[in-house]
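J.:
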Amino acid sequence: MNREDFPMLNKDIIYFDNGATTLKPKCVIDSISDYYSNYSANAHRGDYKISQKVDSMYEGVREKIRNFINAKETSEIVFTNGCTDGINRVVFGYFKYKLKAGDEVLITESEHASNILPWFILEKSIGIKVKYIPLDSNYEVTVDNLSKVVNDNTKVISLAYVTNVIGDIRPIRDICEYAHKNNILVLVDGAQSIGHIKMDMMVDDIDFLCASAHKMYGPTGVGFLYGKYDLLNDMIPLEYGGGMNAMFLEDGYIELREVPVRFEAGTQNIAGIIGMGNAIDYINKIGLKNIIKYEHELKEYLVSELSKLDNIIIYNKDTIGNTVAFNIKDVFSQDTAMYLDKYNICVRAGNHCAKILNNVFNVNNTCRISLAFYNTKEEIDKLITVLKNSNNIYKEIL
Amino acid sequence: MDKDLKRSIILDNYQDKSNRIRHDNDNNYIKTNTRINTCIDNIDLYIKINNNIIEDISFEGEACVISTSSTNILINLIRGKSIEDAIKIIDNYKKMIDEKEYDKDILGEAIVYDDIYKQPARIKCATLSYDGIYKELVKYRDSK
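These protein sequence lines are chains A and B, in that order. Counting from 1, one number per residue, gives the positions in the first sequence under the numbering used here. Counting from 1001, one number per residue, gives the positions in the second sequence under the numbering used here.
Right, here's the structure in full:
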């Protein structure tokens, strides 16, 4: 779908690494260039026309995000540097001050490093306990398994909506419902889900959600944090400076501005934010429903074609998401990736920053194909042909 | 060297299991891991030094064909050598990788990687264990 919109797709590559970053449509690239070329000024600063245009574009993106994830208020949307930045802000700006020694945070072994390491650091600094929700035989989270590890000390559940190795979609709505009945807050890592599934803040009842623009066809280095207003209002900013203070005096008195600008100290990534807004417009134009339907069909086709090959091991045949983890039998994943690269097929090899997943996964490294709506069945057919002919893989890569 | 011969040396060393021995609980071995420098290759190296001689060296782990085979070749090259000779071999190997003047005669099978610079993505694979072992040898030498 819409392949003509992506300049990178003219480069004779088959790009299957959308979990790492997605390609950018020309309209997103143009919107960034347009800001730098035609109305390059700072936000919240000048009383002149182009600065006012920046303000309106900048705040307009907040509204686009609100609408995209169906949050209640635009004030619940904070611009960040990306998903990792968002998670760190919540862990160190909110939970650091709300949790005490002995409180428990539940994650899983298939989380990305970004949703594990901040919690480990908090564990070391204030004595909370990080515990793991057991995964079922498909490496997935169920409310049933979750309920087995929840106790009176459980205060937070922190999960990816969609994981980056297996690509499973978590039952976040049910998890939030269960969590809230037990006075537990839920932080959702939306890095892999944004732009691929519908996330609805009001229906899912998520407390905090973090996401990156570059995984939804937007620019790198920018993202957003959603938090319920009362929670954000209680969160401590990690950065202080211009734009986020209402006043300060020589005796050290500081009055901070309102939520969310309180969390946006200094000049923000204005071009990136405008690009992110354009990416949302672009997704809306194609229709998230159409994207979900198409990516699902493509994933089914990929799994069915890969399953026909005797030399391929698929690790997540039964998961619903748009990611497939596989290896060629007896070949190290990086060698497979190098081999595919010879045919200009881009896949990711490794542990995908989920370094403790091998405890349950029983394999340390896999090749990962993560699909986007611009991938095609024809590309999958080419991949299958190359994998089918991989008997002489070492002859080709050495 | 002929490309087919190179490939067959690399594959022989990739498949050779004779140096794949763990010594996790033996304090006579210095243990190091290549993971420090990479996200994916994960090789444990075990080095036993006695009277300035590398008496034994082995490895185990999971890594790509270049990384694994180059580790195996290096281990065969420096086992039984003095620390100084081993450091000299690794220095020469690095010179070869960096396309500088080097002494071919002391590198044995390791010369199969003499054109690895043509594949920049694989230079790290070919030098991973060399860097790890080099660091440990220099540390040992300087501590004496």
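Idealized CB from N, CA, C, for every residue including glycine.
Check the Cβ of A/Asp335 against every Cβ in chain C and list those closer than 8 Å, keeping chain order.
T.: Protein chains A and B are contained in the structure displayed, whereas chain C is not.
J.: Output, in sequence order along the chain, the residues in the region 1101-1122 of chain B whose CB is closer than 8 Å to any CB in chain A.
T.: So the list reads Ala1121 and Arg1122, given in the order they occur along the chain.
J.: Is the shortest distance between the beta-carbon of B/Ile1010 and the beta-carbons of chain A less than 8 Å?
T.: B/Ile1010 counts as touching chain A.
J.: Please go through the region 1064-1104 of chain B and give each complete alpha helix (DSSP H) segment of 4 or more residues, from N-terminal end onward.
T.: Correct list: 1065-1078 and 1083-1097.
J.: With DSSP collapsed to three states, give me the class of B/Thr1034.
T.: Correct three-state label for B/Thr1034: helix.
J.: Decide if the region 282-301 of chain A is in contact with the region 1022-1030 of chain B; the criterion is three or more beta carbon pairs, one per stretch, under 8 Å apart.
T.: Not touching, per the Cβ criterion.
J.: Going by DSSP, what residue range makes up the alpha helix (DSSP H) through A/Lys131?
T.: Run containing A/Lys131: none in the alpha helix (DSSP H); it sits in the beta strand (DSSP E), Lys129 to Tyr132.
J.: One question on the structure: do A/Ala101 and A/Ile121 come within less than 8 Å of each other, judged by their Cβ atoms?
T.: No, the pair does not count as a contact, with Cβ atoms beyond the cut-off.
J.: Strictly below 7 Å CB to CB, what residues from chain A border B/Arg1022?
T.: By Cβ distance, chain A contributes nothing, its closest Cβ being about 16 Å from B/Arg1022, past 7 Å.
J.: Roughly how many angstroms separate the alpha carbons of A/Gly190 and B/Asn1051, rounded to a whole number?
T.: If you take the alpha carbons of A/Gly190 and B/Asn1051, they lie about 57 Å apart.
J.: Could you check where the alpha helix (DSSP H) with A/Leu383 kicks off and where it finishes?
T.: Its alpha helix (DSSP H) spans residues Lys377 to Lys388.
J.: Can you grab the Cα-Cα spacing for the pair A/Val331 / B/Lys1017, in whole Å?
T.: Computed Cα separation, rounded: 16 Å.
J.: Between A/Ser212 and A/Ile166, which are expected to be in contact by the criterion C-beta below 8 Å, what is the C-beta distance as a whole number of angstroms?
T.: Actually they do not touch by this definition, with Cβ atoms about 19 Å apart.
J.: Determine which residues share a DSSP beta bridge with B/Gly1061 and list them.
T.: Beta-bridge pairing links B/Gly1061 to B/Ile1043.
J.: Taking 8 Å as the threshold (beta carbon to beta carbon), is A/Phe332 in contact with chain B?
T.: At least one chain B Cβ lies under 8 Å of A/Phe332.
J.: My assumption, with CB atoms under 8 Å, is that A/Phe401 sits in contact with A/Val78. Please give the rounded CB distance.
T.: One cannot answer for residue 401 of chain A here, as it falls past the ends of chain A, which runs 1 to 398.
J.: Hey, could you find the ends of the alpha helix (DSSP H) A/Phe120 is sitting in?
T.: Leu117 to Ile126 is the extent of the alpha helix (DSSP H) around A/Phe120.
J.: Strictly below 8 Å CB to CB, what residues from chain A border B/Asn1042?
T.: By Cβ distance, chain A contributes Asn364.
J.: For A/Leu9, which residues from the same chain have a beta carbon less than 8 Å from its beta carbon, with the 5 sequence-adjacent residues on both sides left out?
T.: Excluding sequence neighbours, A/Leu9 sits near Arg3, Tyr15, Leu23 and Tyr374.
J.: Can you list the alpha helix (DSSP H) stretches of 4 or more residues lying completely in the region 2-57 of chain A, in chain order?
T.: Counting only runs of 4 or more, we get 26-38.
J.: What are the uninterrupted segments assigned as alpha helix (DSSP H) that are 4 or more residues long and contained completely in the region 255-303 of chain A, given in chain order?
T.: DSSP runs (the alpha helix (DSSP H)) wholly in the region 255-303 of chain A: 270-286.
J.: Relative to the C-alpha of A/Thr154, which residue among A/Glu396, A/Ile29, A/Glu104 and A/Ser33 is closest?
T.: For the residues A/Glu396, A/Ile29, A/Glu104 and A/Ser33, the minimum Cα distance to A/Thr154 belongs to A/Glu104.
J.: Do the region 192-208 of chain A and the region 340-352 of chain A meet, that is, are 3 or more Cβ pairs less than 8 Å apart?
T.: Output reads no: the region 340-352 of chain A does not touch the region 192-208 of chain A.
J.: Can you give the beta carbon distance from A/Tyr94 to A/Asp234, rounded, assuming they're within the 8 Å contact cut?
T.: Sure, about 7 Å apart at Cβ, within 8 Å.
J.: Shorter than 8 Å from the beta carbon of B/Arg1007 to some beta carbon of chain A?
T.: With 8 Å as the cut-off, B/Arg1007 counts as an interface residue toward chain A.
J.: Taking A/Lys395 as the query, report the chain B residues whose CB atoms sit under 7 Å from its CB, ordered along the chain.
T.: Correct list: Arg1007.
J.: For B/Gly1080, count neighbouring C-beta atoms within 10 Å of its own C-beta (all shown protein chains included) and say buried if the count is 16 or more, exposed if not.
T.: Exposed.
J.: Counting C-beta neighbours from all protein chains within 10 Å, is the total for B/Ser1001 16 or more, i.e. buried, or is it exposed?
T.: Note on residue identity: the sequence assigns Met, not Ser, to residue 1001 of chain B. Result: exposed.
J.: Identify whether A/Phe208 lies in helix, strand or coil by the three-state DSSP scheme.
T.: It is a strand residue.
J.: Going residue by residue through the region 150-203 of chain A, where are the continuous alpha helix (DSSP H) segments of at least 4 residues, counting only ones entirely within it?
T.: Runs of the alpha helix (DSSP H) inside the region 150-203 of chain A: 172-181.
J.: Is it true that the CB of A/Val143 sits closer than 8 Å to the CB of A/Ile107?
T.: Not in contact: A/Ile107 and A/Val143 (Cβ atoms no closer than 8 Å).
J.: Output the distance between the C-alpha atoms of A/Asp281 and A/Asp207, rounded to the nearest integer angstrom.
T.: Computed Cα separation, rounded: 25 Å.
J.: At which residues does the alpha helix (DSSP H) containing A/Gly86 begin and terminate?
T.: Counting along the chain, the alpha helix (DSSP H) containing A/Gly86 begins and ends at Cys83 to Val90.
J.: Between A/Asp318 and A/Thr385, what straight-line distance do the alpha-carbon atoms span, to the nearest angstrom?
T.: Looking at the two C-alpha atoms, the distance is approximately 23 Å.
J.: For A/Ile320, report the span of its beta strand (DSSP E) as first-last.
T.: It is not in any beta strand (DSSP E) - A/Ile320 carries neither H nor E in the DSSP assignment.
J.: What does a CB cutoff of less than 7 Å around A/Glu396 pick up in its chain, not counting 5 residues either side in sequence?
T.: These residues qualify, in order along the chain: Tyr339 and Lys342.
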